[in-house]
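As structure tokens, the structure follows; a few thoughts come after it.
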Amino acid sequence: MNRCSQWTPSQFIMDEKNVPIRTYQVCNVLEPNQNNWLRTDWIPRSGAQRVYVEVKFTLRDCNSLPGVTGTCKETFNLYYHESNEDRESYIKESSFIKVDTVAADESFTQVDVGDRIMKLNTEVRDVKVTTRKGFYLAFQDVGACIALVSVRVFYKTCPLTIRNLATFPDTVTGADTSSLVEVRGSCVNQSEEREEPKMYCGADGEWLVPIGGCLCNPGYQEKSGTCKACSVGFYKAKSSDPGCSKCPPHSHSVRDGATVCDCHSGFFRADSDPPSMACTQPPSAPQQLISVVNETSVVLEWAPPRRLGGRSDTSYSLECLICQTGSSGSHLCLPCGSDVLFSPGQTGLKTTRVVVSELRAHTHYTFIVHAHNGVSQASGAGAAQSVSVTLTTNQAAPSPVSFIQATDVTRHSLSLAWQQPDRPNGVILEYEVKFYEKDQRERSYRIMRTFSRSVDVTGLNPLTVYVFHVRARTAAGYGEFSAPFEFSTNSDPFPLIGEGVNSAFLLLSISGVGILLLISAAVFIISRRRSKYSKTKQDSEEEKHLNPGVKIYVDPFTYEDPDQAIHEFAKEIDVSSIHIERVIGMGEFGEVCSGRLRVQGKREIYVAIKSLKAGYSDKQRRDFLSEASIMGQFDHPNIIRLEGVVTRCKPLMIITEYMENGSLDAFLRKHDGQFTVIQLVGMLRGIASGMKYLSDMSYVHRDLAARNILVNSNLVCKVSDFGLSRVLEDDPEAAYTTRIPIRWTAPEAIAYRKFTTASDVWSYGIVMWEVVSYGERPYWDMNNQDVIKAMEEGYRLPAPMDCPVVLHQLMLDCWERERAERPTFSQILNMLDKLIRNPGTLRRTGGDRPTATMLESGVGSEVCVSVVPQVCMPEWSMCVWLQSIGLERYRDTLAAAGYTSLDSLLALTHQ
1 MNRCSQWTPS
11 QFIMDEKNVP
21 IRTYQVCNVL
31 EPNQNNWLRT
41 DWIPRSGAQR
51 VYVEVKFTLR
61 DCNSLPGVTG
71 TCKETFNLYY
81 HESNEDRESY
91 IKESSFIKVD
101 TVAADESFTQ
111 VDVGDRIMKL
121 NTEVRDVKVT
131 TRKGFYLAFQ
141 DVGACIALVS
151 VRVFYKTCPL
161 TIRNLATFPD
171 TVTGADTSSL
181 VEVRGSCVNQ
191 SEEREEPKMY
201 CGADGEWLVP
211 IGGCLCNPGY
221 QEKSGTCKAC
231 SVGFYKAKSS
241 DPGCSKCPPH
251 SHSVRDGATV
261 CDCHSGFFRA
271 DSDPPSMACT
281 QPPSAPQQLI
291 SVVNETSVVL
301 EWAPPRRLGG
311 RSDTSYSLEC
321 LICQTGSSGS
331 HLCLPCGSDV
341 LFSPGQTGLK
351 TTRVVVSELR
361 AHTHYTFIVH
371 AHNGVSQASG
381 AGAAQSVSVT
391 LTTNQAAPSP
401 VSFIQATDVT
411 RHSLSLAWQQ
421 PDRPNGVILE
431 YEVKFYEKDQ
441 RERSYRIMRT
451 FSRSVDVTGL
461 NPLTVYVFHV
471 RARTAAGYGE
481 FSAPFEFSTN
491 SDPFPLIGEG
501 VNSAFLLLSI
511 SGVGILLLIS
521 AAVFIISRRR
531 SKYSKTKQDS
541 EEEKHLNPGV
551 KIYVDPFTYE
561 DPDQAIHEFA
571 KEIDVSSIHI
581 ERVIGMGEFG
591 EVCSGRLRVQ
601 GKREIYVAIK
611 SLKAGYSDKQ
621 RRDFLSEASI
631 MGQFDHPNII
641 RLEGVVTRCK
651 PLMIITEYME
661 NGSLDAFLRK
671 HDGQFTVIQL
681 VGMLRGIASG
691 MKYLSDMSYV
701 HRDLAARNIL
711 VNSNLVCKVS
721 DFGLSRVLED
731 DPEAAYTTRI
741 PIRWTAPEAI
751 AYRKFTTASD
761 VWSYGIVMWE
771 VVSYGERPYW
781 DMNNQDVIKA
791 MEEGYRLPAP
801 MDCPVVLHQL
811 MLDCWERERA
821 ERPTFSQILN
831 MLDKLIRNPG
841 TLRRTGGDRP
851 TATMLESGVG
861 SEVCVSVVPQ
871 VCMPEWSMCV
881 WLQSIGLERY
891 RDTLAAAGYT
901 SLDSLLALTH
911 Q
């Protein structure tokens, strides 16, 4: 094709603004069948995906041309041809692709030209060019009187810009007029990503939808889209800080871009102090230390330091030294022993008073009180922060005797022996022994004195328990009596062989045996109560294997021909028997309508009709019909029923039973608080029954949620929406990133894509929570990442308001981390049936407290919060249980020690 045919360049003419312009023109209107082409030079594409052609031209009105027949036109055609290089001198007309037919908004007549009025038209067309390095433009005249004034070819870009401290480069717009080009920004200098910065370049060259952004690094703050260093005297510690802050008191910065201010000389900052805190100093020494000696104890009191250093975390510590003067006059001080007691403590003190006891008598002590705060260690301050006092303890009575032993026990006598007190505090002058019969409780006692550390006690009654106390006396007086020691005389006239045995020891032995029995029985019962579902789960698996007649689900995607699966599992319905009444929603593939189905020989029924929108692909058709192939295999009152399909005419349809009340979550929100607990449990029972049926068929739903449960006019709940399994099988990666319903999905399914009936059980627990909370959103406004993190850390949804304890416990059972620990749907169904038969078990909620009747009612009523019937145990009181094993006599002993329930017995040890 010639570049120019009948188009001729003109001399300069004047436009409407009297500006001389040069044009290409053609005006062969008197000859029919005009086909005149004008082609541009090769235009490089330069990365553009869509170019715009702006054409300015003038066109004469055919009516103003005398003698013109019907061959005159007032339009011309715009074409383009893509090419990789400028080597095509001749291009066939058929190689060009038509862009548009261009018509003029304004035309002129011969009179206009005489009056020097040229009416200029401007038209813009866009062309998608993506396959070659460049292109040609061509203009075809088919019989018009036209002059091309100018042709401007351009493409649009989103200009270089900075948003949220991220730079977005100059970006060419997309190929389609509706496309958005995603562009990742790069953080400006001295900044870091807060969240990946992204924007979208629109087809009109405008930036849209800024996401994420950057934060200025520590030491820098945002100014006019850049990060500028903090000036001297200012700092910024963290990227998330809003801007530079002035240095806190007693600190300074000496350079730009400081992340922390340095403390002035003599001031310090602790490691735990934030950079915004003023620098501080250690405290001065405590004041006015006084001591009061009382035999071998001393009370130390002092006043706080005069200067606290600007902090409020002052604490105190005590140093105890025993000081002695050597023969050469040297002064030697050693730390006190570990037997010295400090009350309330020796270090980390917040009070200014300490009692020191268990000191030696007639001994020189030095006590040093140190004051500390958060910067004491950083400052290296030591003696300047302390005050000391030196004192001598007085003469003191001996400490109590700590151990007494009985030997040579007979019917009327026994021998006692003991050790010297740990701290005699002088020379022991004598010991005093006080004893009495245990039953007399010190109403009548006897005293014996001895200079040795043993005594023979005679004149005792046979087979009687006696209580003995021993104390020592020095020049300072008697010390305190020892703790009581119990020994029993013998019924045998001869002494027992060995160290001596008493009835208390025998009682303790018997008690030990009894307590061992208690612990063993308690552990057995509680372990039975806490056992999970392994045995029952095993039984249910065995039942499934022993039931060869159970129908097994067949995956329709295993069929090479999808039509074979749909015809095997779904009934074809004549479209003439369907009457569509109204649109009730939009599905993934098209409209969802309600209507009526007339089947010959049966009554007319209401149905829901899903249709496949026009222009579908083979894949969309297969995906659309696969859900019907799945539904057609199920026949259960709590599974949405498939009536049939329409595949022999368009549009394709799936016909299901009509559920008047729609999705369960929206229905519950609409009727918040209007149902009884029994009604809610009835809804949950229906869902569990449907899921048990699916699990028995070895079908995993993967998307069990209240939004996918439909409710009919009789409040019957039915499981629906079997599409997610199709998506996961067809495109697992896309499904994982975009279609996994995180809030309803078990942890192993999120992390490892392990979808099983056990993961459906987890989802069922979430559905229970939705039902009892009347459609509240699980995990509220937490984002998906926060939900995943919370589940990994063991967080579980709390009980909704007024939720019965047994229902929340069942939810928690469904949310066990280990799959094997979760109940089966068969067990869940049995549990809900039991609750419905015994509605009294649903009365107690998390806000109720057990009543006295419940605690003291003997075996009482059975409270079962486990789905396995054989581990539901009656809650016995301690008294009744002790009676049942013949150990009631230990009731008071255990109660006095704080053991009042069976669970508390687990804390008992053998000792």
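When the letters of the sequence shown are read in order and numbered with the UniProt record's numbering, they come out as residues 1 to 911. Backbone N, C-alpha and C define an ideal beta-carbon position, used for all residues, glycine too.
Sufficient close CB pairs (3 or more, under 8 Å) joining the region 441-453 to the region 365-377: The region 441-453, when compared against the region 365-377, does not touch it at the 8 Å Cβ threshold.
What residue from 702, 286, 416 and 261 has the CA that sits closest to residue 369's CA? The sequence position of residue 369 within the sequence shown is 369, counting from 1. For residue 369, the nearest C-alpha among the options comes from 286.
Opposite residue 390 in the DSSP bridges: which residues? As a first step, residue 390 is located in the sequence shown; it is residue number 390 there, counting from the start. Paired residues: 366.
Beta-carbon contacts of residue 412 that lie in its chain and below 6 Å, excluding the five residues immediately before and after: Against the sequence shown, residue 412 aligns to sequence position 412. If we look at residue 412 and ignore the five residues flanking it on each side, its Cβ neighbours are 460.
Reduced DSSP category for residue 684 - H, G, I as helix; E, B as strand; rest coil: The residue you call residue 684 lines up with position 684 of the sequence shown. In the structure shown, residue 684 sits in a helix (DSSP, three-state: H, G or I).
With burial defined as no fewer than 16 other Cβ atoms inside 10 Å of the residue's Cβ, what is the status of residue 586: buried or exposed? As a position in the sequence shown, residue 586 is number 586, starting the count at 1. With fewer than 16 other Cβ atoms within 10 Å, it is exposed.
Spatial neighbours of residue 190 within its chain, please: C-beta separation below 7 Å, excluding the five flanking residues on both sides. To locate residue 190, count along the sequence shown from 1; it is residue 190. The residues are 216, 217, 220 and 227.
Assign residue 350 to one of two classes, buried (16 or more other C-beta atoms within 10 Å of its C-beta) or exposed (fewer than that). As a position in the sequence shown, residue 350 is number 350, starting the count at 1. By the neighbour-count rule (16 or more Cβ atoms within 10 Å), residue 350 is not buried but exposed.
Quick check on residue 401: buried or exposed, where buried means 16 or more other Cβ atoms within 10 Å of its Cβ? The residue you call residue 401 lines up with position 401 of the sequence shown. Buried, since its Cβ has 16 or more Cβ neighbours within 10 Å.
Helix, strand or coil for residue 545, going by three-state DSSP, please let me know. Along the sequence shown, read from residue 1 onward, the residue named residue 545 stands at position 545. Confidence is the limiting factor: at residue 545 the pLDDT is only 42, short of 50, which leaves the residue's position unreliable, though a coordinate-based value still follows. Helix.
Return the chain-ordered list of same chain residues with a C-beta closer than 6 Å to the C-beta of residue 417, the five sequence neighbours on each side being excluded. In the sequence shown, residue 417 corresponds to position 417, counting from 1. Hits under 6 Å: 405 and 454.
Backbone secondary structure at residue 161 - three-state DSSP: Indexing the sequence shown from 1 puts residue 161 at position 161. Residue state, collapsed to three classes: strand.
Between the beta-carbon of residue 597 and the beta-carbon of residue 577, is there less than 8 Å? By one-based count along the sequence shown, residue 597 stands at place 597. By one-based count along the sequence shown, residue 577 stands at place 577. Their beta carbons are under 8 Å apart, which means residue 597 touches residue 577 by this criterion.
Under the assumption that residue 810 contacts residue 796 (Cβ atoms under 8 Å), give the Cβ distance between them as a whole number of angstroms. Sequence index remark: in the sequence shown, residue 810 carries index 810 (1-based). Sequence index remark: in the sequence shown, residue 796 carries index 796 (1-based). With 8 Å as the limit, residue 810 and residue 796 do not qualify as a contact, their Cβ atoms being about 12 Å apart.
Contact set for residue 869: own chain, Cβ-Cβ below 6 Å, skip 5 residues either direction: Taking the first residue of the sequence shown as 1, we reach residue 869 at position 869. Note that residue 869 scores a pLDDT of 37, beneath 50, so its modelled location is shaky; the value from the coordinates is reported in the next line. Contacts found: none.
Have a look at 193, 471 and 623 and flag the residue whose alpha-carbon is nearest the alpha-carbon of residue 212. Locating residue 212 in the sequence shown gives position 212, counting from the first residue. Answer by Cα proximity: 193.
For the alpha helix (DSSP H) holding residue 569, just list the boundary residues, first then last. Here residue 569 is taken as the residue at index 569 of the sequence shown, counted from 1. Its alpha helix (DSSP H) spans residues 562-569.
Whole runs of the beta strand (DSSP E) within the region 615-655, excluding any shorter than 3 residues: 642-646
Identify the residues that DSSP records as bridge partners of residue 477: which are they? Locating residue 477 in the sequence shown gives position 477, counting from the first residue. 474, per the DSSP bridge assignment.
Please go through the same chain and pick out, in chain order, the residues whose beta-carbon is closer than 8 Å to the beta-carbon of residue 549, but skip the five residues on each side of it. By 1-based counting over the sequence shown, the position of residue 549 is 549. For residue 549, the predicted model reports a pLDDT of 47, less than 50, meaning its position is unreliable and no value from the coordinates is stated.
Distance, residue 630 Cα to residue 679 Cα: Stepping through the sequence shown from its first residue, residue 679 is reached at position 679. Stepping through the sequence shown from its first residue, residue 630 is reached at position 630. Distance between the alpha carbons of residue 679 and residue 630: 30 Å.
Does residue 831 come out as helix, strand or coil in the three-state DSSP assignment? In the sequence shown, the residue the question calls residue 831 occupies position 831. Secondary structure of residue 831 (DSSP, three-state): helix.
Cutoff 6 Å; reference residue 140; Cβ partners in own chain excluding five residues on either side: Position 140 of the sequence shown, counted from the first residue, corresponds to residue 140. Closer than 6 Å at the Cβ level, and outside the excluded window around residue 140, lie 37 and 77.
Where residue 63 falls: helix, strand or coil (DSSP): In the sequence shown, counting from the first residue as 1, residue 63 sits at position 63. If DSSP states are grouped into helix, strand and coil, residue 63 belongs with the helices.
Opening and closing residue of the beta strand (DSSP E) in which residue 213 lies: The count along the sequence shown starts at 1 and reaches residue 213 at position 213. Counting along the chain, the beta strand (DSSP E) containing residue 213 begins and ends at 207-216.
Measuring CA to CA, which of 98, 145, 840 and 151 is closest to residue 129? Residue mapping note: residue 129 aligns to position 129 of the sequence shown, counting from 1. Selected option, being the one with the closest Cα: 98.
Through-space distance from residue 463 to residue 495, alpha-carbon basis: Here residue 495 is taken as the residue at index 495 of the sequence shown, counted from 1. Here residue 463 is taken as the residue at index 463 of the sequence shown, counted from 1. Confidence in residue 495 is poor, its pLDDT being 45 and thus under 50, which makes the residue's placement too unreliable to answer from.
Taking only runs of the alpha helix (DSSP H) that begin and end inside the region 659-704, which ones reach a length of at least 4 residues, in chain order? 664-670 and 677-696
So is residue 816 buried or exposed if we call it buried at 16+ other beta carbons inside 10 Å? If you number the sequence shown from 1, residue 816 lands on position 816. Residue 816 should be labelled buried.
In whole angstroms, what separates the C-alpha of residue 136 from that of residue 82? Position 136 of the sequence shown holds residue 136. Position 82 of the sequence shown holds residue 82. Roughly 6 Å between the two C-alpha positions.
Is residue 320 near residue 356, with beta carbons less than 8 Å apart? As a working mapping, residue 320 is identified with position 320 in the sequence shown. As a working mapping, residue 356 is identified with position 356 in the sequence shown. It is a contact, given that the beta carbons lie within the stated cut-off.
With a Cβ-Cβ cutoff of 8 Å, do residue 399 and residue 360 count as a contact? On the sequence shown, position 399 is the one that residue 399 refers to. On the sequence shown, position 360 is the one that residue 360 refers to. Cβ atoms of residue 399 and residue 360: not closer than 8 Å.
Less than 8 Å separating the beta-carbons of residue 235 and residue 253? Position 235 of the sequence shown holds residue 235. Position 253 of the sequence shown holds residue 253. Yes, the pair counts as a contact, with Cβ atoms nearer than the cut-off.
How about the region 662-682 and the region 609-626: do they share at least three Cβ pairs that are nearer than 8 Å? No contact exists between the region 662-682 and the region 609-626.
Given 8 Å, three or more beta-carbon pairs between the region 825-833 and the region 781-797: Cβ pair count under 8 Å is below three, so no.
Going along the chain, which residues of its own chain have a beta-carbon closer than 6 Å to the beta-carbon of residue 632, five neighbours each way excluded? Along the sequence shown, read from residue 1 onward, the residue named residue 632 stands at position 632. So the qualifying residues of the chain are 569, 570 and 642.
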